[in-house]
Every structure is written in C-alpha cells, then in structure tokens.
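Per this note's numbering, the sequence shown starts with residue -9, numbered consecutively.
Below is one structure, written out as structure tokens, with a few remarks after it.
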Amino acid sequence: MSHESLEKFGPVKKNVVEDNLESDESIMAGAEEKDAAHTNELDGSQVDSAPGKEADDASEELEWRPEYKKKAIRSYVIRAGRMTEGQKNAFSRCWPQYGLSLFDGSIDYTEVFEREAPTVLEVGFGMGASLLQMAEAESDKNFIGIEVHPPGVGRIINCAREQEVGNLKVYMADAVDVLTDCIPDNSLDRFQLYFPDPWHKKKHNKRRIVQREFMALVQQKLRVGGLIHLATDWHEYAEHMMEVMSTMEGLTNCAGEYLFAEKPDFRPTTKFETRGEKLGHGVWDLLFTK
Ligand SMILES: C[S@@+](CC[C@H](N)C(=O)[O-])C[C@H]1O[C@@H](n2cnc3c(N)ncnc32)[C@H](O)[C@@H]1O
C-alpha cells in the first residue's frame, strides 16, 4: 500500500462522513443505545454515557474515521471509544502496509497480496485477535478484514506488524460498501461473520447485518464451492440466520438442512464469544457452500 493511499484516506473519508451527517435518515435516534451496549464491551469504553445523535455516529470526534456511504440503516454504531496511543500510532506506522481504501474501488488480490492464493474475507473482526490468529495459522491464504471500529483496526494492524503477518489487509469501512464496490464477483473462497451485533430489541432487528439482501451480496462475491461461515451466541439471531440462509437459492447447508454445524477447527474462540460464554450464552455456527 503506497504512501499516496494514506494521504488520500483522510480527506476522502471526511467528505463522506459530512455527507452522512446531513442525512436525517442515516442518523438513528439515541434510543438505539442500550441495545448497542455490547459493541463496546470489546474495548471497555462506555456506551450509555453519550446519548443522542453523537452516540450513533461519533465520526466527527475521530482522528481516524471509518469510510462509508450514505444509507438509511446501518448495522453498527460509530463511537469515539478509547484509543490507546499504540492504536493511534498504528495508523501512521502500519496503515500504509495493511490498509485498503473503499475509494480505491475494485481490488486485484494478486496485486495487493503479491501472490495468487485463496482469499478469506471477514466482516466485523472487532479487536481482531481471532482474525490475526487465523491469518497466522493459514498462511497459504489471503485474509481481508473489514471493521468500522477504529480501536479494533488500530489494534490489528499494530499486532500484524509486530508479528510480521504478511497475508492480511484491512478496510476500516462499511462492509456493504466494500462488498459492493471493491470485492469482485465469484472471487472469495471463504466469507466469515462471527458474532455480529445481535440488535436484540424487535424494533432494532432491522439493523442486523444478516438480511436476505446482504447475504445475496455475499453469495455473489463467493466463488462456486466457496464457504460462508456465520456464528452467533444469540439463539433468536441464529434462527433468523438459519431461515435466511436456508431459503436462499444456490446455497447448501454443509451440516444438513436446517442444522447447525460443529464449530470448525479453523475458527478460534473470539473475544465476543468469550464474553457470551461468561454470561452463559450458547454458540451456533452455520456453514453453507455455494
Ligand atoms: C459484536 S462485535 C463482534 C466482534 C468479533 N467478531 C468478535 O466475535 O469478537 C461486531 C462487530 O461488527 C462490526 N460491524 C458491524 N456492522 C459492520 C459493518 N457493516 N461493516 C463493518 N463492521 C461492522 C462492529 O463494529 C463490531 O466491532
């Protein structure tokens, strides 16, 4: 990743965020707060202390902002959170090596990774420990992570550089936008989405990322024979995922119709999963092929 891309990253991103702030539709009401409280369990920052518009979009306060386009419903809340000095410095030191920009458009994996290899895409890697572990364990594959939470992005690129991980790139952007604009059709070998925000309340269910439209986009990006792997610790969300996935034409449940899968060996326990386990939650994995 060139220095030029880093320079481009700031100004482009700022315009997009301002564009979003002009849209009433794209800013959800402060009532979303409590339901989103789990998001910041990942880095321990306080969620309920900043109600209202800013709580849903703290982009203005961030030095390093996620990239996204205007949309009516978003599956996440952007929060200032706590950025350690290490995470902040990571953007200047490690972004040129690990960062990809939504605004660079369609990606050529061979050029970006400087080799031909199967490509795995993970959406919502949180603080990134499990994605990094997978990238190290499966060095024969290319890994692309997408996350909107700046401290998580800062952390993963920092650790990746320390551990000299060479098969990982990240977008700090909205997954819907990246899938639509950057990921070529029929190109992914594996798509993974682990413990997406459950948006528990009925009125917030529409913010869940697993919806028919989103999964159809994922299916379009997957090569024939590729794998879709979802996991959640929220039973009702697991049932919703199963319903969506089982009724999509062209996908086959690896575990058998309407059955949840055993956790595959390649998926490490994630940070959010560990938190759920402490609260006594179950875990449901879904594995489908195209
Ligand atoms: C509950 S956390 C789970 C994190 C991690 N997978 C784990 O298991 O520890 C869900 C993550 O998805 C991210 N997220 C939600 N919607 C997203 C989107 N549209 N694009 C990118 N990231 C998203 C959130 O920022 C959050 O960090």
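Idealized CB from N, CA, C, for every residue including glycine.
In this text, all values refer to a predicted model and were calculated from it rather than measured experimentally.
In this structure, T279 sits away from T237, with a CB-CB distance that is not shorter than 8 angstroms. Per the coordinates, the alpha-carbon of F262 lies some 23 angstroms from the alpha-carbon of M235. Shortest gap from the CB of I136 to any heavy atom of ligand 1: under 7 angstroms.
Taking I199 as the centre and dropping the five residues before and after it, the same chain places the C-beta of S65 and P186 closer than 6 angstroms to its C-beta, in chain order. Cβ-Cβ separation between E57 and L111: approximately 16 angstroms, too far for a contact (criterion under 8 angstroms). Remark: the shortest separation between the CB of D171 and any heavy atom of ligand 1 does not fall under 7 angstroms. Inclusion of V160 and V138 in the CB contact set at 8 angstroms is not warranted, their separation being larger than that value. If the five residues before and after P188 are omitted, its C-beta is found closer than 6 angstroms to the C-beta atoms of W224 and Y227, all from its own chain and listed in chain order. The secondary-structure analysis by DSSP pairs H219 across a beta bridge with Q182 and L277. Cβ-Cβ separation between K78 and E104: approximately 28 angstroms, too far for a contact (criterion under 8 angstroms). Within a 10 Å sphere around the beta-carbon of T260 sit 16 or more other beta-carbons, which makes this residue buried. In the three-state DSSP reduction, G272 falls in the coil class, being neither helix nor strand. The beta carbon of S129 is closer than 7 angstroms to those of N157 in its chain, skipping five residues each way along the sequence.
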